[in-house]
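In what follows, a structure is listed as structure tokens, so that the remarks can point back to it.
Residue numbers (our numbering), protein chains in the order written: chain C, -13 to 328; chain E, 441 to 682.
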């Protein structure tokens, strides 16, 4: 091809716009700094910050699957909370079976018990996700109103099934010995479990980023979020990808359920639907379909909820909604809007 | 004598919601060479390509590719039979790099190095911006990437929807040269184009659509040399694009 007349050119993004694009990353340290100034006491601030990050990480674990499912499949899944609750109850059952391990002074046995509970919860919720997608979601692709109605119905059915299997009462779930108590640094008390939650959440985020950026499945998911039709035209069966992503999202919700159950130490059939309010706020703040945005949104929600609960308990409930409103006024599509083909 | 048809549509109807877009399309695309689909805006050209690709399902009629019925096949199956689509909006994944777009386009495995080198020669910006985000490319570069994706694996038929739309004259010339070179590799092309000067330069056969039907088909040479026929078939819409 003769290209003498064509000078390769790339549209350069102005420096100011590049900085604005990076701004959401700075929101988390900015909020932490604002929290330090408002709280005044560094020890209280450290305790609250770790608690906020741990809470944020657990919300991220639950929300990450939901945001990818929405971005790729355009499915609004109000039944996502069912996987959280089922995951928590399955985890509870496994931990009850392994009571000898959780009560053991051995850290390895304690962690092994938690790992087994997590694995079991993820397998069960992943399989439940398979059935949910085939039976409930597949017939209503492309119709948001029906999706909301049938997935809400699915959530109610799942909650009733939990009542049938585990009974209607709330259950107490004990953390293993090694995850009880706190490290004391100066005057700050940092719960061990919260550090574990931060570690697991961070590992999941890095793993998701790696998969999305460096594997072909990740490329397909990112491409599918933007233009699923074109992915099909390239020869990929996107429905199969939908199923894999839905099952993975459900399994992650199950993982989040175990983590949240151990955090609250009490589980109920309605715990999933209760936490879903925060999960949806995080997904909306982050930008529907964006894993990075979801991560930052979860950190912001976790930190703000803890800071306001300490500083002004009466406004704690509305603080996350106020955060969402503020962010949507700044960026109506969320922190990292995902480009969608028209 | 005309080559054997690679693709044929017989009495194809397509409905999109309440709209009856294709109203009995009969079209034959001979193997090898370029068939140009002309027609005014809204005539049904894009719908024809999307229906062939399975993105919209024909409500009636038969589509045969290589003498096999593909009317009811899903889009990925149609793609795997050797049909590629370069859509009007280019369908570039802007969140991915140029390299990642190409990796995905090579659906059956790793990219063939020789073929990739040929594509980079055909479209130099593909090599220049290999690791750049596809979203930052200019319109012409995106169009080159869209065509490059379609040919990274050998295809029997490429459906191209208005590749010169909105492009600068220099890019249109480059794109025309590339399609001409592609034609020499025995790849069959079904090209939707409103730029008659460009289309008549590379087209072998032509079909003209109006109101969801084919109203004329024949050789491009015949149509290009008959101003009265052009006027009859397309009127002012043709002149406007010369």
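Each residue gets a CB set at the ideal place from its N, CA and C atoms; glycine is no exception. Keep in mind the model is a prediction, meaning the values are calculated, not measured.
Residue i and residue j: beta carbons closer than 8 Å?
| i | j | result |
| --- | --- | --- |
| residue 219 of chain C | residue 511 of chain E | no |
| residue 623 of chain E | residue 642 of chain E | yes |
| residue 296 of chain C | residue 17 of chain C | no |
| residue 230 of chain C | residue 133 of chain C | no |
| residue 103 of chain C | residue 140 of chain C | no |
| residue 145 of chain C | residue 193 of chain C | no |
| residue 264 of chain C | residue 23 of chain C | no |
| residue 80 of chain C | residue 162 of chain C | no |
| residue 240 of chain C | residue 108 of chain C | yes |
| residue 274 of chain C | residue 203 of chain C | no |
| residue 69 of chain C | residue 115 of chain C | yes |
| residue 651 of chain E | residue 483 of chain E | yes |
| residue 310 of chain C | residue 270 of chain C | yes |
| residue 321 of chain C | residue 258 of chain C | no |
| residue 498 of chain E | residue 538 of chain E | no |
| residue 590 of chain E | residue 524 of chain E | yes |
| residue 276 of chain C | residue 53 of chain C | yes |
| residue 306 of chain C | residue 159 of chain C | no |
| residue 489 of chain E | residue 208 of chain C | no |
| residue 47 of chain C | residue 233 of chain C | no |
| residue 469 of chain E | residue 669 of chain E | no |
| residue 566 of chain E | residue 585 of chain E | yes |
| residue 167 of chain C | residue 29 of chain C | no |
| residue 605 of chain E | residue 532 of chain E | no |
| residue 122 of chain C | residue 136 of chain C | yes |
Quick one: is residue i buried, meaning 16 or more other Cβ sit within 10 Å of its Cβ, or exposed?
| i | result |
| --- | --- |
| residue 39 of chain C | buried |
| residue 634 of chain E | buried |
| residue 658 of chain E | exposed |
| residue 459 of chain E | exposed |
| residue 155 of chain C | exposed |
| residue 93 of chain C | exposed |
| residue 474 of chain E | buried |
| residue 153 of chain C | exposed |
| residue 570 of chain E | exposed |
| residue 541 of chain E | buried |
| residue 67 of chain C | buried |
| residue 554 of chain E | exposed |
| residue 51 of chain C | buried |
| residue 671 of chain E | exposed |
| residue 330 of chain C | Examination of residue 330 of chain C is not possible in this model, given that chain C is present from -13 through 328 alone. |
| residue -12 of chain C | Residue confidence is low: residue -12 of chain C scores 43 on pLDDT, short of 50, so the model does not pin down where it sits. No coordinate-derived value is stated. |
| residue 602 of chain E | buried |
| residue 1 of chain C | exposed |
| residue 49 of chain C | buried |
| residue 661 of chain E | exposed |
| residue 667 of chain E | exposed |
Got a sec: is the Cβ-Cβ distance from residue i to anything in chain E below 8 Å?
| i | result |
| --- | --- |
| residue 223 of chain C | yes |
Return the Cβ separation of residue i and residue j in integer angstroms, given the expectation that the two are a contact with Cβ distance under 8 Å.
| i | j | result |
| --- | --- | --- |
| residue 118 of chain C | residue 73 of chain C | Not really, about 13 Å apart at Cβ, beyond 8 Å. |
| residue 647 of chain E | residue 654 of chain E | 5 Å |
| residue 312 of chain C | residue 41 of chain C | About 19 Å separates the two Cβ atoms, so there is no contact after all. |
| residue 214 of chain C | residue 520 of chain E | The Cβ separation is near 17 Å, so there is no contact. |
| residue 595 of chain E | residue 522 of chain E | 5 Å |
| residue 14 of chain C | residue 188 of chain C | About 13 Å; that fails the 8 Å criterion. |
| residue 282 of chain C | residue 11 of chain C | 7 Å |
| residue 249 of chain C | residue 21 of chain C | The pair is not a contact, with the Cβ atoms about 20 Å apart (cut-off 8 Å). |
| residue 543 of chain E | residue 205 of chain C | 7 Å |
| residue 477 of chain E | residue 632 of chain E | 5 Å |
| residue 210 of chain C | residue 238 of chain C | Contact flag wrong, Cβ pair sits at about 18 Å. |
Measuring only between beta-carbons, confirm whether residue i sits less than 8 Å from chain C.
| i | result |
| --- | --- |
| residue 457 of chain E | no |
| residue 645 of chain E | no |
| residue 447 of chain E | no |
| residue 493 of chain E | yes |
| residue 662 of chain E | no |
| residue 505 of chain E | no |
| residue 544 of chain E | yes |
| residue 534 of chain E | yes |
| residue 471 of chain E | no |
| residue 671 of chain E | no |
| residue 540 of chain E | yes |
Margin query: Using a Cβ-Cβ cutoff of 8 Å, what residues of the stretch 189 to 220 of chain C are near chain E? List them in chain order.
Written below: 202, 205, 206, 208, 209, 211, 212, 213, 215, 216, 217, 218, 219, 220
Next item on the list: Determine which residues of the stretch 515 to 530 of chain E have a Cβ less than 8 Å from any Cβ of chain C, and write them out in chain order.
Entry: 515, 516, 519, 520, 524, 525, 527, 529
Check: Going along the stretch 598 to 609 of chain E in order, which residues come within less than 8 Å of chain C, judged by CB to CB distance?
Finding: none
Check: Listed from N- to C-terminal order along the chain, which residues in the stretch 546 to 564 of chain E have their beta-carbon within a distance smaller than 8 Å of any beta-carbon of chain C?
Finding: 547, 548, 561, 562, 563, 564
Item checked: Interface residues of the stretch 618 to 633 of chain E facing chain C [CB-CB below 7 Å] -> 618, 621
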